[in-house]
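Data first, discussion second: the structure below is written as structure tokens.
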Amino acid sequence: MPYLEQINLPKDLKKLKQEELNGLAEELRSEIIRVCSLGGGHLASSLGAIELTIAMHYLFDSAKDRFIWDVGHQTYAHKIITGRKAEIDSIRKPGGLAGFTTSSESEHDALTVGHASTSIAAALGMALARDAQGKDYEVIAVIGDGSLTGGMALAALNQIGQNKPKLTIILNDNEMSISENVGGLKNHLRSLQVQPWYRRAEERGKLALGPLKQVVGRIKDSTRLFFDPISANPFHAMGIRYVGPIDGHNIDQIIYYLDKIKNLEGPTMLHVITQKGKGYDIAEENPIDWHGASKFNVSHPELAAKGYSWSNAFGDAACELAKQDERIWAITPAMRVGSGLVRYSKDYKDRYLDVGIAEDVAVTVAAGLALQGYRPMVAIYSTFLQRAVDQIIHDICIENLDVIFAIDRAGLVGGDGMTHQGAFDIAILRTVPNMSIASPKDANEMQAMLKEALSLGGPKAIRWPRGSLQRAIEANYENWNNIRWGTWEILQEGSEAYILATGLTIPYALEAAADNEKVGVINARFIKPLDENMLAVLFDKTLITVEDHSLAGGFGSAVLEHKAINGYTNNVICLGISDNFVPHGDVKAQHEALGYGPKAIGKELEKLNLINLSELQS
Ligand code: HTL
Ligand code: MG
466 MPYLEQINLP KDLKKLKQEE LNGLAEELRS EIIRVCSLGG GHLASSLGAI
516 ELTIAMHYLF DSAKDRFIWD VGHQTYAHKI ITGRKAEIDS IRKPGGLAGF
566 TTSSESEHDA LTVGHASTSI AAALGMALAR DAQGKDYEVI AVIGDGSLTG
616 GMALAALNQI GQNKPKLTII LNDNEMSISE NVGGLKNHLR SLQVQPWYRR
666 AEERGKLALG PLKQVVGRIK DSTRLFFDPI SANPFHAMGI RYVGPIDGHN
716 IDQIIYYLDK IKNLEGPTML HVITQKGKGY DIAEENPIDW HGASKFNVSH
766 PELAAKGYSW SNAFGDAACE LAKQDERIWA ITPAMRVGSG LVRYSKDYKD
816 RYLDVGIAED VAVTVAAGLA LQGYRPMVAI YSTFLQRAVD QIIHDICIEN
866 LDVIFAIDRA GLVGGDGMTH QGAFDIAILR TVPNMSIASP KDANEMQAML
916 KEALSLGGPK AIRWPRGSLQ RAIEANYENW NNIRWGTWEI LQEGSEAYIL
966 ATGLTIPYAL EAAADNEKVG VINARFIKPL DENMLAVLFD KTLITVEDHS
1016 LAGGFGSAVL EHKAINGYTN NVICLGISDN FVPHGDVKAQ HEALGYGPKA
1066 IGKELEKLNL INLSELQS
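The opening position of the sequence shown corresponds to residue 466 in our numbering, with each subsequent residue numbered one higher.
Okay, structure coming up:
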């Protein structure tokens, strides 16, 4: 790799001749494919942003200028160019580079990020700070078309039109979110007016527009001219200069326009058209499955066989429920595949909604549906539920609406790391009146809970972890056992202590307490309400709560509150995530390290003189 060998920092890239940059792009492409083949990662998005990344680093100085990558999942090339080439193989692995931009990792990462739609507001803040401090640097946000569907992004654009600071927003439009992008704006984006200065350059033959013509060729010229006058450009309407669309894989073009924009005052949006998965056939053909790739063989790339997951179990249950009950809807904020809703989205398309990356909208649309008699299920990852807190409180719980929150990826999530950990949903939801929270031990229990939640009504949250299950569950409504809401299950009797375990920590507790008469294990499958009847009986014993969630505000906190309110005096020990953000890592190892894996629970029992580990081992 002759070019890449010379590049450790952006200043090395600037030494290349402009005509050499395409060669560099090809090398970066191979390198990113190689890295993702080793350990998986956000392949398709990173491949699509290579030329953009090179052009930005060629023109700007990312140590001083601020590059704000939305989500930060498209930044493999950026990381390689900015001093992290030698460590790039460690990306997303325990102790390695983060999968997203992370300010503690590099001065070239302006923002620590992982959730979508924040870049434009952060850019506005940085531009305002620069101007207030009388400093001189460029602020450049790069946002995907998917991330532009988020209300935060749109509201920040609107605000930029008011303040009009000098900044550049690059809209990286590949017509894809993780799945196909959605929304009315999406259709409009591809029919935006080509700027007169752009067209003049085109006429003068200054720009090689071949590839662009192919991409934009789908738009009929007549439509562009007659129905899309410049005033209909939504960005113009908000007070932001719009340039484009241009070919986001043509480095010369991107440099040409960014260089022009650099000299302009006020905010400018540069619209670039890219292809997700660019340059790797299989990813171009199937950007959905190659959005977040598992490791693969570069010369014979095949999708990794995916096991049957908690998400699949939910998706199957959702289909079965929709078959039984015509009031059921399933709503996803841009996570159709991840939430297991692919089959549902086809079989029940009239009662399915992908609202884009807009968790707040997902929740309030559910409120509207529920108010008019439907029974919506909002399928949402724990980490993204954080985006919809007020909607849950204000739009759902005050009205006590019949909405189910199907919370996936609750607890630690592995490679996505800090920004994506599902560590706060219990703490958030537990404080809200009318909300109820369940945490099933397995997929059958999840289905029974869904059935019971529907029959009871009211806002009900059911949380489950990321990961696979041993086998597919039978999605047959009739066979789903009834489960009395709010009741726990005794899995093992104990004479001195009980472990109150939730969700995926149940097997850990059973392992730690195996064959120990002193220590019992409870499936604490409801977090709100607690099983107060059972607790009344248990409160003469030592209790150990275990949860894959933040200790502050979590299940253990709920038990402690109950203890304090009722004046119980027994010993309660809480195991879970302490007051820290947890980085990416191997989930099981992290559970141990954080003190709630099976060995860690065993050590806790030993401290309480309930077991003797050395005796057990001998
Ligand atoms: N909801 C929120 C608030 N943040 C994130 N990150 C997601 C959901 C999940 N997510 C991603 S990447 C992505 C989503 C929905 C699609 C982004 O599409 P965009 O970029 O068009 O912006 P592209 O992939 O290059 O096409 C991750 O969690 C990584
Ligand atoms: Mg996109």
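Glycine residues also receive a C-beta, built at the ideal position from the N, C-alpha and C atoms.
Subject >> His1014: CB within 6 Å of a non-hydrogen atom of the ligand HTL >> reply: For the purposes of this step, residue 1014 is taken as residue 549 along the sequence shown, with counting starting at 1. Incorrect: His1014 has no Cβ contact closer than 6 Å to the ligand HTL.
Original post:
Can you tell me whether Asp638 is buried or exposed, with buried defined as 16 or more other CB within 10 angstroms of its CB?
Top reply: Walking along the sequence shown from the start, residue 638 turns up at place 173. Buried.
**OP:** Would you check if the region 1004-1016 and the region 1028-1045 touch, i.e. whether three or more CB-CB distances between them fall below 8 Å?
**Re:** Between the region 1028-1045 and the region 1004-1016, the count of Cβ pairs shorter than 8 Å is three or higher; the stretches touch.
Subject >> Whole-Å CB distance - Ile861 paired with Ala832, under 8 Å assumed >> reply: Walking along the sequence shown from the start, residue 861 turns up at place 396. Walking along the sequence shown from the start, residue 832 turns up at place 367. About 5 Å; that satisfies the 8 Å criterion.
**OP:** Determine contact between the region 476-487 and the region 520-527, defined as no fewer than three beta-carbon pairs at a distance below 8 Å.
**Re:** Verdict: yes, contact present.
Original post:
For Arg852, is the beta carbon positioned less than 6 Å from some heavy atom of the ligand HTL?
Top reply: What you label residue 852 is simply residue 387 of the sequence shown in a count that begins at 1. Indeed, a heavy atom of the ligand HTL lies less than 6 Å from the Cβ.
**OP:** Under 5 Å from any heavy atom of the ligand MG, by CB: list those residues in chain order, please.
**Re:** Here the list is Gly609, Asp610, Gly611, Asn639, Met641.
**OP:** Give the DSSP-derived three-state secondary structure of Asp535 in the structure shown.
**Re:** As a working note, residue 535 is residue 70 in the sequence shown. The answer is coil: DSSP assigns Asp535 none of H, G, I, E or B.
Subject >> Pairwise C-alpha distance: Pro905 and Lys771 >> reply: Your numbering for residue 771 matches position 306 in the sequence shown. Your numbering for residue 905 matches position 440 in the sequence shown. Between Lys771 and Pro905, the alpha-carbon positions lie close to 22 Å from each other.
Subject >> Nearest-angstrom beta carbon gap, Gln539 and Ser510 [assumed within contact, 8 Å] >> reply: As a first step, residue 510 must be located in the sequence shown, where it is residue number 45. As a first step, residue 539 must be located in the sequence shown, where it is residue number 74. The beta carbons of Ser510 and Gln539 sit about 4 Å from each other, so the pair counts as a contact at 8 Å.
**OP:** Specify whether the region 1010-1024 and the region 888-899 touch according to this definition: at least 3 beta carbon pairs, one from each stretch, less than 8 Å apart.
**Re:** These segments touch.
**OP:** Return yes when the Cβ of Ala926 is within less than 7 Å of the Cβ of Leu969, no when it is not.
**Re:** Along the sequence shown, one-based indexing puts residue 969 at 504. Along the sequence shown, one-based indexing puts residue 926 at 461. Contact flag unset, no.
Original post:
Under the rule that 16 or more other beta-carbon atoms within 10 Å means buried, what is Leu1078, buried or exposed?
Top reply: Numbered from 1 along the sequence shown, position 613 holds the residue referred to as residue 1078. The residue in question, Leu1078, is exposed, as its Cβ has fewer than 16 Cβ neighbours within 10 Å.
**OP:** Determine, using beta carbons only, whether Lys983 and Gly959 come nearer to each other than 7 Å.
**Re:** As a working note, residue 983 is residue 518 in the sequence shown. As a working note, residue 959 is residue 494 in the sequence shown. Yes. Within cutoff.
Original post:
Which term fits Asp980, buried or exposed, when burial requires 16 or more other beta carbons within 10 angstroms of its beta carbon?
Top reply: The residue labelled residue 980 in the question sits at position 515 within the sequence shown. Burial check for Asp980: the Cβ neighbour count within 10 Å stays below 16, so the residue is exposed.
**OP:** Please determine if the region 761-776 and the region 498-508 are in contact, where contact requires at least 3 C-beta pairs separated by less than 8 Å.
**Re:** Short answer: they touch.
**OP:** Check whether the region 908-915 touches the region 809-818, taking contact to mean three or more Cβ pairs, one atom from each stretch, closer than 8 Å.
**Re:** Judged by Cβ distances under 8 Å, the region 908-915 makes no contact with the region 809-818, as fewer than three pairs qualify.
Subject >> Whole-angstrom distance between Tyr942 and Tyr468, CA atom to CA atom >> reply: By one-based count along the sequence shown, residue 468 stands at place 3. By one-based count along the sequence shown, residue 942 stands at place 477. A straight-line Cα-Cα distance of about 60 Å links Tyr468 and Tyr942.
**OP:** Tell whether a beta-carbon distance below 7 Å holds between Gln840 and Asp873.
**Re:** To locate residue 840, count along the sequence shown from 1; it is residue 375. To locate residue 873, count along the sequence shown from 1; it is residue 408. Checking the displayed sequence, the identity of residue 840 turns out to be Arg instead of Gln. Contact flag unset, no.
Original post:
If you draw a straight line from the C-alpha of Met703 to the C-alpha of Pro732, how long is it?
Top reply: As a first step, residue 703 must be located in the sequence shown, where it is residue number 238. As a first step, residue 732 must be located in the sequence shown, where it is residue number 267. Approximately 11 Å, taken between the alpha carbons.
Subject >> Pro699 versus His653: straight-line alpha-carbon distance, rounded >> reply: Position 234 of the sequence shown, counting from 1, holds the residue named residue 699. Position 188 of the sequence shown, counting from 1, holds the residue named residue 653. When rounded, the distance between both Cα atoms is 9 Å.
Original post:
Do Lys993 and Ile902 have their C-beta atoms closer together than 7 Å?
Top reply: Residue 993 sits at position 528 when you count from the first residue of the sequence shown. Residue 902 sits at position 437 when you count from the first residue of the sequence shown. Note that the C-beta distance between Lys993 and Ile902 is below 7 Å.
**OP:** Starting from the Cα of Ile719, find the closest Cα among Leu517, Val1024, Gly488 and give me that residue.
**Re:** Within the sequence shown, the letter at position 254 stands for residue 719. Per the Cα distances, Leu517.
**OP:** Tell me whether Ser656 sits in a helix, a strand or coil according to DSSP, three-state version.
**Re:** Locating residue 656 in the sequence shown gives position 191, counting from the first residue. DSSP places Ser656 in coil when its eight states are reduced to three.
Original post:
Beta-carbon separation of Gly709 and Leu735 under 7 Å?
Top reply: Against the sequence shown, residue 709 aligns to sequence position 244. Against the sequence shown, residue 735 aligns to sequence position 270. It is a contact, given that the beta carbons lie within the stated cut-off.
Subject >> Exposed unless 16 or more other CB atoms sit within 10 angstroms - verdict on Arg683 >> reply: Reading the sequence shown from its first residue, position 218 is the one you call residue 683. Any reading at Arg683 must be qualified, since the residue scores a pLDDT of 42, below 50, and its modelled position is unreliable; the value itself is stated next. Within 10 angstroms of the beta-carbon of Arg683 lie fewer than 16 other beta-carbons, which makes it exposed.
Subject >> Inter-residue spacing [alpha-carbon to alpha-carbon] between Met591 and Asn865 >> reply: Numbered from 1 along the sequence shown, position 126 holds the residue referred to as residue 591. Numbered from 1 along the sequence shown, position 400 holds the residue referred to as residue 865. Going by the C-alpha atoms only, they are around 41 Å apart.
Subject >> Residues of its chain near Leu729, where Cβ-Cβ distance is below 8 Å and the 5 sequence neighbours each way are ignored >> reply: The residue labelled residue 729 in the question sits at position 264 within the sequence shown. Within the same chain, and ignoring the five residues on either side of Leu729 in sequence, the residues whose Cβ sits closer than 8 Å to its Cβ are Lys631, Arg706.
Original post:
Would you say Asp825 and Ala853 are within 7 Å of each other, going by their C-beta atoms?
Top reply: The residue given as residue 825 occupies position 360 in the sequence shown. The residue given as residue 853 occupies position 388 in the sequence shown. Yes, they are a contact pair.
Original post:
Looking at Gln539 and the ligand HTL, is the gap between the Cβ and the nearest heavy atom below 6 Å?
Top reply: For the purposes of this step, residue 539 is identified with residue 74 of the sequence shown, where counting begins at 1. At least one heavy atom of the ligand HTL sits closer than 6 Å to the Cβ of Gln539.
Original post:
What's the gap between the Cα of Pro898 and the Cα of Glu645?
Top reply: Position 433 of the sequence shown, counting from 1, holds the residue named residue 898. Position 180 of the sequence shown, counting from 1, holds the residue named residue 645. Rounded to the nearest whole angstrom, the C-alpha separation of Pro898 and Glu645 is 36 Å.
Original post:
On the three-state DSSP scale, how would you describe Leu474?
Top reply: Walking along the sequence shown from the start, residue 474 turns up at place 9. Three-state DSSP puts Leu474 in coil, outside helix and strand.
Original post:
Straight-line CA distance for Gly609 to Asp530?
Top reply: To locate residue 609, count along the sequence shown from 1; it is residue 144. To locate residue 530, count along the sequence shown from 1; it is residue 65. About 20 Å.
**OP:** Thinking Leu576 and Ile533 are a contact (beta carbons under 8 Å), I'd like their distance in whole angstroms, please.
**Re:** Your numbering for residue 576 matches position 111 in the sequence shown. Your numbering for residue 533 matches position 68 in the sequence shown. Cβ atoms of Leu576 and Ile533 come within 8 Å of each other, at about 5 Å.
Original post:
Whose CA, out of Gly513, Val536, Gly560, lies closest to the CA of Asp746?
Top reply: Taking the first residue of the sequence shown as position 1, residue 746 is located at position 281. Of Gly513, Val536, Gly560, the residue nearest in Cα terms is Gly513.
Original post:
Under three-state DSSP, which class holds Met734?
Top reply: Mapped onto the sequence shown, residue 734 falls at position 269. Met734: strand per DSSP, three-state reduction.
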